[in-house]
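In our numbering, the protein residues as written are 740 to 822. Note that CB positions come from ideal geometry on N, CA and C, so glycine has one too. Everything on this sheet refers to the single structure shown next.
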């Protein structure tokens, strides 16, 4: 019988710890994307400066990485079920 409050690693092994890491990484990426979007929205002028264009490219890169993490997470889950 497991005591209440056991750690994720002890309860489910290293796979659960890896999934927890991916979830935390996803949350950090979402926070960065939200902050970038908020900063871009703070200006009252159209997005035309080089800094704004770079910010848009960086946000797009983060969204691409987040999508890759989602695919990686789904693959890890599928591998865990099959393996």
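Taking residue 808 as reference, the option from 752, 751 and 759 with the minimal CA-CA separation is 759. In the three-state reduction of the DSSP assignment, residue 752 falls in the coil class, being assigned neither a helical nor a strand state. Cα atoms of residue 777 and residue 819: separation of roughly 37 Å, rounded to the nearest angstrom.
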